[in-house]
């Protein structure tokens, strides 16, 4: 039954993969609440958007596990939902229905890029030191996300949240002791601690599935009436660049196997198209997948486990609200730290050659955008190589990538 996941080849077990999948799911489960609330700001019905978020996450994550055998979770990305709401709709003046049409068109183009091998070509042309810098940058980004979830970092200000700190200490101890399922145990124990302290705010949950009957309204919502408008295509180009390079960044950071990475690109493209068709912003491989990988997830069984939990969340979503961000934040912080430590062996001789790497490492967490952080580093990389007399370290494809990043920044400037 589990042969296709090649568990023995990857040195893992069913128990280890299932535990990792549960951790991955809990780490990203907040998206089931946050994504609908962001899209609701531009008119997407929140009661239906919950279901589109669940469905695209369940399907995309299942495909990632089945097609790519990769332990990655697919879900609407925080950058992508913000782009949908505040750029496509608020910035370019599209209605949310026209925004969904732009997501569908972008998904079709993304599939062409992925299935024709362009993504693979891009990936193979990126130097190792840039890939390591991306991983470190994402690690720092995860640490910031984790600290915000813990209530220790809010609006760039430091706070003392002893429940979050207790959770972090607990995660560190369990990881040091190499306890199987340590992340999941830490999440559960920190959740119990939180409600023991905040029992006065504990309220019973009422649950109603009747809104599911109205969900088909989102399936017919995409509006292509502005297909020929400049604003429509400016949004499509910007979103396409966002999806291409964020997907490359995530897969390169988490999956060292090029064969699985290539399949992952295809899954990312399919999920991007399905997102628009199902009525939500684009799904991507999310950074929180790293929590499951840090727990020991190595194969697609981790993703399939998370996919099943996404599907079950149609019923259990209200109960997920009992898991406080203070319980998940510590796991995300430790995951980010592990990514950084595992990539500190960057071999660059010249101080000048560190410039593009530092731009990526620092600007990903500072800007809160993986693509924007990558953009400045990739634009600077060939320039630095020319200045240092090492033009031979670049290639034509890398120059094309740098040009696309430059165009992405210009399009962002035009939109804003």
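Numbering (the working numbering), first residue to last: 1 to 416. Just so you know, even glycine gets a beta-carbon here, dropped at the ideal spot from N, CA and C.
Whole alpha helix (DSSP H) elements within the region 278 to 351, 4-residue minimum: The DSSP assignment places 289 to 294, 300 to 320, 325 to 341 as complete runs of the alpha helix (DSSP H) inside the region 278 to 351, in order along the chain (cut-off: 4 residues).
Alpha carbon of residue 326 to alpha carbon of residue 138, nearest angstrom: In the chain shown, counting from the first residue as 1, residue 326 sits at position 326. In the chain shown, counting from the first residue as 1, residue 138 sits at position 138. So the alpha carbons of these two residues sit roughly 20 Å apart.
Which residues DSSP lists as bridging residue 74, in chain order: Translated into the one-based positions of the chain shown, residue 74 becomes position 74. Bridge partners of residue 74: 285.
Coil, strand or helix - residue 154 by DSSP: Counting from 1 along the chain shown, the entry for residue 154 is found at position 154. Note: residue 154 maps to strand in three-state DSSP.
Residue 85 vs residue 54 beta-carbon contact at 8 Å: For the purposes of this step, residue 85 is identified with residue 85 of the chain shown, where counting begins at 1. For the purposes of this step, residue 54 is identified with residue 54 of the chain shown, where counting begins at 1. No. Outside cutoff.
Contacts around residue 367, its chain only, beta-carbon distance under 8 Å, and the 5 residues preceding and following it disregarded: Position 367 of the chain shown, counted from the first residue, corresponds to residue 367. Once the five neighbours on either side are set aside, the close Cβ partners of residue 367 are 373.
Residue 84: first and last residue of the uninterrupted alpha helix (DSSP H) it sits in: As a working mapping, residue 84 is identified with position 84 in the chain shown. First-last for residue 84: undefined, no H or E at that position.
Beta-carbon gap between residue 123 and residue 248 smaller than 8 Å: The residue labelled residue 123 in the question sits at position 123 within the chain shown. The residue labelled residue 248 in the question sits at position 248 within the chain shown. Their beta carbons are under 8 Å apart, which means residue 123 touches residue 248 by this criterion.
Spatial neighbours of residue 265 in its chain, beta-carbon cut-off 6 Å, leaving aside the 5 residues before and after: For this step, residue 265 is matched to residue 265 along the chain shown. These residues qualify, in order along the chain: 114, 119.
Exposed unless 16 or more other CB atoms sit within 10 angstroms - verdict on residue 227: Reading the chain shown from its first residue, position 227 is the one you call residue 227. Exposed: under 16 other Cβ atoms inside 10 Å.
Beta-carbon proximity list for residue 159, same chain, < 8 Å, skipping 5 on both sides: Reading the chain shown from its first residue, position 159 is the one you call residue 159. Excluding the 5 residues flanking it on each side, residue 159 has same chain C-beta neighbours closer than 8 Å at 151, 152, 153, in chain order.
Residue 31, enclosing alpha helix (DSSP H) - first and last residue: Numbered from 1 along the chain shown, position 31 holds the residue referred to as residue 31. Judged by DSSP secondary structure, residue 31 falls within the alpha helix (DSSP H) whose first and last residues are 31 to 40.
Residue 16: first and last residue of the uninterrupted alpha helix (DSSP H) it sits in: Reading the chain shown from its first residue, position 16 is the one you call residue 16. Where residue 16 is concerned, the enclosing alpha helix (DSSP H) starts and stops at 14 to 28.
Through-space distance from residue 200 to residue 240, alpha-carbon basis: Position 240 of the chain shown holds residue 240. Position 200 of the chain shown holds residue 200. Near 47 Å, if we compare the C-alpha coordinates of residue 200 and residue 240.
Residue 224 versus residue 237 - alpha carbon distance: Residue 224 sits at position 224 when you count from the first residue of the chain shown. Residue 237 sits at position 237 when you count from the first residue of the chain shown. Going from the Cα of residue 224 to the Cα of residue 237 covers about 16 Å.
Check whether residue 18 and residue 408 have beta carbons under 8 Å apart: Start at 1 with the first residue of the chain shown, and residue 18 comes out as number 18. Start at 1 with the first residue of the chain shown, and residue 408 comes out as number 408. With contacts defined as CB atoms closer than 8 Å, residue 18 and residue 408 fail to qualify as a contacting pair.
Contact under 8 Å by Cβ, residue 172 with residue 50: The count along the chain shown starts at 1 and reaches residue 172 at position 172. The count along the chain shown starts at 1 and reaches residue 50 at position 50. For the pair residue 172 and residue 50, the CB atoms are not nearer than the 8 Å cut-off.
Helix, strand or coil at residue 227 [DSSP, three-state]: Within the chain shown, the letter at position 227 stands for residue 227. In this structure, residue 227 counts as coil in the three-state DSSP scheme.
8 Å Cβ cutoff met for residue 302 and residue 21: Locating residue 302 in the chain shown gives position 302, counting from the first residue. Locating residue 21 in the chain shown gives position 21, counting from the first residue. Yes, they are a contact pair.
Endpoints, the alpha helix (DSSP H) within which residue 194 is located: Here residue 194 is taken as the residue at index 194 of the chain shown, counted from 1. From DSSP, the alpha helix (DSSP H) with residue 194 extends over 182 to 197.
Residue 393, DSSP secondary structure in three states: Your numbering for residue 393 matches position 393 in the chain shown. Secondary structure of residue 393 (DSSP, three-state): helix.
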